[in-house]
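What follows is a short report on a single structure.
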Amino acid sequence: MRIHLTSVFVDDQGEALRFYTDVLGFVKKHDIPLGAARWLTVVSPEDPDGPELLLEPSGHPAVQPYKTALVRDGIPAASFAVDDVRAEFTRLRGLGVRFTQEPTEMGPVTTAVLDDTCGNLIQLVHSE
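Numbering (our numbering), first residue to last: 121 to 248.
Following this line, the structure appears as structure tokens:
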């Protein structure tokens, strides 16, 4: 069993695609119109056939209270592995990304948390 697809709920799919590709560096995999929304996925350029991240519209009534509660409590909606959290923090901050947690060492793990501009907190993590 493998993870094939996971998702984050986004307020604006166009803005999410821009942020996740132009800023974070993911690559668009699928962009299929579905009425007012799209089946819109991105993947890591290092693993284009690997797990896909669905940039899912936040239209369901349960989504906004859920997202609001997670952000209020500082809980990331997703976690992405990076080779060097401090280097990514510096690179992304240089691009104007807002972080809610600067790089923090927690034993063998270093994490940082950013605001994806689409209603989510995203954790960057590196394990020794």
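From the three backbone atoms N, C-alpha and C, an ideal C-beta is built for every residue, glycine too.
Can you give me the Cβ contacts of residue i inside the same chain, cut-off strictly under 6 Å, excluding the 5 residues immediately before and after it?
i, result
"residue 253", "Nothing about residue 253 can be reported from this structure: the residues present for the chain run from 121 to 248 only."
"residue 231", "224, 243, 245"
Determine the closest residue to residue i out of the options, with distance taken between C-alpha atoms.
i, options, result
"residue 233", "164, 214, 211, 194", "194"
"residue 144", "215, 160, 248", "215"
"residue 248", "136, 155, 226", "226"
"residue 121", "133, 171, 138", "171"
"residue 237", "151, 228, 218, 222", "218"
State the beta-bridge partners of residue i as determined by DSSP.
i, result
"residue 178", "Answer is none; residue 178 lacks a bridge partner."
"residue 151", "160"
When the Cα atoms are used, what is the spatial distance from residue i to residue j?
i, j, result
"residue 131", "residue 157", "11 Å"
"residue 184", "residue 177", "11 Å"
"residue 239", "residue 163", "20 Å"
In three-state DSSP terms, what is residue i?
i, result
"residue 208", "helix"
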